[in-house]
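Remarks on the structure that follows.
Have a look at this one:
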């Protein structure tokens, strides 16, 4: 059943079905709001001359902005994880320990970073589909067919995955959609009694379309506002929605990390439970957590244009992990990293190993 559903969701028509439904509903709301509400009711029936045109202007501006952001979310995409070669845990089997140049080894393996997610034996996580190591917080997206850095979720309402690259655009989409739905619902609610009284006094039946739109946008406002608050909380605590769901759904789930100890040159494998995993990436500064998701330039939080992740071309023949992953590098919080080092001192770890690549540091 799961495999059938996965194959189903890979079809392009499925990906854009719900976004198309939302688009059509927004067109309907726009017709009802601009024509039936602003022109017919406010202007023709209630005799208002300025308010209808101001409301229509703001409404159309915000609606076009929401559509523009949606197009950008899809066009920019969630980001694609660079291909990461196997870590140099053992001497490279393609060459020899007596290789005459450093480049001979760089082609087939890279020096492991200070800390990385691993299995209980210390081996990094491998994606068999992408034929690449998974960087921290990356997940493979079946509908897209590749690993997404800092994968958050696949959003059926926009037709693509939300990841590191289009996360800010997604937050802006939620923000401006709340304004869009709120403007319609609140303005109709303010004039609802006057409209009803006018129509009753003049023998006119109720304008059903207006109140259908009031109900739709009211529900949409509540739903999207809750989503916006949830994702704001995730940013403040430096979590993704998939991490939250996995940790909440499997409280006994344990995640392992392999960390390099400069003192003795060993790498230690330590595990953490779901509750501890919520603290792995959280910095002590809320500002650092938020800017890690949507960038440090505050004015760009409200200007929906492009991504806060700079263009990145993966360097070839590079053995340094930080250079390989570029702007998609994830940094464990200093506080949690220190707690792992404290556990090593206490002897509270699963196993330890030496990585051949650490000799090239």
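Residue numbers (full-length UniProt numbering): 1 to 361. Note that CB positions come from ideal geometry on N, CA and C, so glycine has one too.
At the level of alpha carbons, what is the spacing between residue 218 and residue 60?
18 Å
Determine the extent of the alpha helix (DSSP H) in which residue 29 is found, giving its start and end residues.
From DSSP, the alpha helix (DSSP H) with residue 29 extends over 17-31.
Where residue 346 and residue 118 are concerned, what is the direct C-alpha to C-alpha distance, given to the nearest angstrom?
21 Å
Of the residues 182, 359, 175, the one placed nearest residue 261, counting alpha carbons only:
359
Terminal residues of the continuous alpha helix (DSSP H) containing residue 252?
Run containing residue 252: none; DSSP gives neither H nor E here.
Locate the alpha helix (DSSP H) running through residue 66, then write down its first and last residues.
51-76
Cα-Cα separation between residue 38 and residue 226, rounded to whole angstroms
One alpha carbon belongs to residue 38, the other to residue 226, and they sit about 28 Å apart.
Measure from the C-beta of residue 240 to each C-beta in chain C and report whether the shortest distance is under 8 Å.
Protein chains in the displayed structure number just one, and chain C is not present.
Can we say the region 13-26 touches the region 192-201, given the rule of at least three CB pairs closer than 8 Å?
Verdict: no, contact absent.
At which residue ranges does the region 169-198 contain complete alpha helix (DSSP H) runs of 4 or more residues, listed in the order of the chain?
none
Spatial distance of residue 344 from residue 163 (CA atoms):
33 Å
Under 8 Å Cβ to Cβ from residue 364, same chain only, skipping five residues before and after it: list those, please.
Missing from the structure shown is residue 364; the chain here goes from 1 to 361 and no further.
In this structure, does DSSP put residue 368 in helix, strand or coil?
Only positions 1 to 361 of the chain appear in this structure, which leaves residue 368 out of reach.
Distance, residue 73 Cα to residue 176 Cα
14 Å
Strand pairing of residue 152, partner residues [DSSP]:
According to DSSP, which records beta bridges pairwise, residue 152 is partnered with nothing at all.
Shortest alpha-carbon distance to residue 134 belongs to which of 81, 168, 77?
Residue 81 holds the alpha-carbon nearest to the alpha-carbon of residue 134 among 81, 168, 77.
Could you tell me if residue 153 is buried or exposed, where buried requires 16 or more neighbouring beta carbons within 10 angstroms of its beta carbon?
buried
Nearest-angstrom Cα separation, counted from residue 45 out to residue 196:
11 Å
Per DSSP, which residues does residue 269 bridge with? Please list them.
258, 351
Please confirm if the region 242-252 is in contact with the region 293-303, defined as three or more CB-CB distances below 8 Å between the two stretches.
no
Assuming residue 22 contacts residue 210 under a Cβ cut-off of 8 Å, what Cβ separation, rounded to an integer in Å, is found between them?
With a contact defined as Cβ atoms closer than 8 Å, residue 22 and residue 210 miss out at about 20 Å.
Straight-line gap, residue 273 to residue 256 (C-alpha atoms, nearest Å)
9 Å
Looking only at C-alpha atoms, which of 48, 77, 110, 183 sits nearest to residue 146?
It is 77.
Between the alpha carbons of residue 220 and residue 116, how many angstroms are there, rounded?
Their Cα atoms are separated by approximately 40 Å.
For the beta strand (DSSP E) that contains residue 116, what are its first and last residues?
In the DSSP annotation of this structure, the continuous segment of the beta strand (DSSP E) that includes residue 116 starts and ends at 115-118.
Between residue 308 and residue 137, is the Cβ-Cβ spacing less than 8 Å?
no
Quick one: what does DSSP say residue 161 is sitting in, helix, strand or coil?
strand
By the three-class DSSP mapping on this structure, what secondary structure does residue 129 have?
coil
Might you give, ordered along the chain, the residues of its own chain that have their beta carbon closer than 8 Å to the beta carbon of residue 178, omitting 5 neighbours on each side?
221, 224, 225, 228
Reduced DSSP category for residue 124 - H, G, I as helix; E, B as strand; rest coil:
strand
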